[in-house]
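Using this note's numbering, read the sequence shown as starting at 3 and increasing by one per residue.
Here a beta-carbon is modelled for each residue, glycine too, at the ideal position from N, C-alpha and C.
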Amino acid sequence: MPADVMIDAAGDHVVISGMAVEAPGGIDSPGALWSALSESRELLGPFPRDRGWPIDELLSLSRRDSWAGCATPADSSMAQRHSTRPSSASPIARPW
Numbered sequence: 003m004p005a006d007v008m009i010d011a012a013g014d015h016v017v018i019s020g021m022a023v024e025a026p027g028g029i030d031s032p033g034a035l036w037s038a039l040s041e042s043r044e045l046l047g048p049f050p051r052d053r054g055w056p057i058d059e060l061l062s063l064s065r066r067d068s069w070a071g072c073a074t075p076a077d078s079s080m081a082q083r084h085s086t087r088p089s090s091a092s093p094i095a096r097p098w
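Here it is as structure tokens:
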């Protein structure tokens, strides 16, 4: 925004009515995410082998390590929480 533009913040109301977080390293709340960030915790871990992903095929495409930032645990309840049918997800995006 240009420096010469003035904004009246008194008329700009913002309300945060709720937050949710699901992230690698078992992060399941905004507080847990903030703690991990403020502590500079490493959240990467080994690729999960129980999600039906073609891990060996994916890793053969490059020299990447077998580590990723995956939300844990992945189970069938993820599909319900995210309103996604497992059959509609691509094989790589399908965690259940």
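Residue nearest to ALA22 in terms of C-alpha spacing, selected from ARG53, ASP14, SER42, LEU35: Taking the first residue of the sequence shown as 1, we reach residue 22 at position 20. Here the closest residue by C-alpha is LEU35.
Cross-strand partners of ALA25 (DSSP beta bridge): Taking the first residue of the sequence shown as 1, we reach residue 25 at position 23. ILE29.
ILE18 classed as buried or exposed, judged by whether at least 16 other C-beta atoms fall within 10 angstroms: Position 16 of the sequence shown holds residue 18. With fewer than 16 Cβ atoms within 10 Å of its Cβ, ILE18 is classed as exposed.
Closest residue to GLY20 among SER31, ASP14, GLU59, ILE57 (Cα-Cα distance): The sequence position of residue 20 within the sequence shown is 18, counting from 1. Among SER31, ASP14, GLU59, ILE57, the Cα nearest to that of GLY20 belongs to SER31.
Nearest-angstrom Cβ-Cβ length linking PRO26 and LEU39, presumed shorter than 8 Å: Looking up residue 26 in the sequence shown gives position 24. Looking up residue 39 in the sequence shown gives position 37. That belief does not hold up - the Cβ atoms of PRO26 and LEU39 are roughly 12 Å apart, past 8 Å.
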